[in-house]
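Trainee: In this text, residue positions in the sequence shown follow the numbering used here: the first is 5, and each later residue adds one.
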Amino acid sequence: WFNYSSEYKLQKLLMQFYASKYGVSVYHATNGKESGVIKPKEKFVQKIKNYFNKQDKS
């Protein structure tokens with residue numbers, strides 16, 4: 005990417021979106037800026053279910 009470019013940030017946001025949408029991890033490597041693993045976000049509904057399941061077990 006070019007210096008002072010926002011393209012790499014947009015690419016990262018796009019990869020985060022698809023990782024969360026499909027529930028997959030993305031292994032991202034570049035020669036320039038940031039490299040790493042992008043993990044999917046836990047869905048809000050799933051967080052609520054997990055919370056109440058923990059409450060029921062207690």
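Glycine included, every Cβ here is placed at the ideal spot set by N, Cα and C.
State the DSSP-derived secondary structure class of Tyr55, mapped to helix, strand or coil.
Mentor: In the sequence shown, counting from the first residue as 1, residue 55 sits at position 51. Looking at Tyr55 - three-state DSSP - the assignment turns out to be helix.
Trainee: Judging by CA-CA distance, which residue of Glu11, Gln20, Lys16, Leu14 is the nearest neighbour of Lys43?
Mentor: Taking the first residue of the sequence shown as position 1, residue 43 is located at position 39. The candidate whose alpha carbon is nearest that of Lys43 is Gln20.
Trainee: So the candidates are Leu14, Lys45, Gln15; which of them puts its Cα closest to the Cα of Ser29?
Mentor: In the sequence shown, counting from the first residue as 1, residue 29 sits at position 25. For Ser29, the nearest C-alpha among the options comes from Lys45.
Trainee: Check Val41 in the structure and name its three-state DSSP category.
Mentor: Position 37 of the sequence shown, counting from 1, holds the residue named residue 41. Of the three classes helix, strand and coil, the one that applies to Val41 here is strand, per DSSP.
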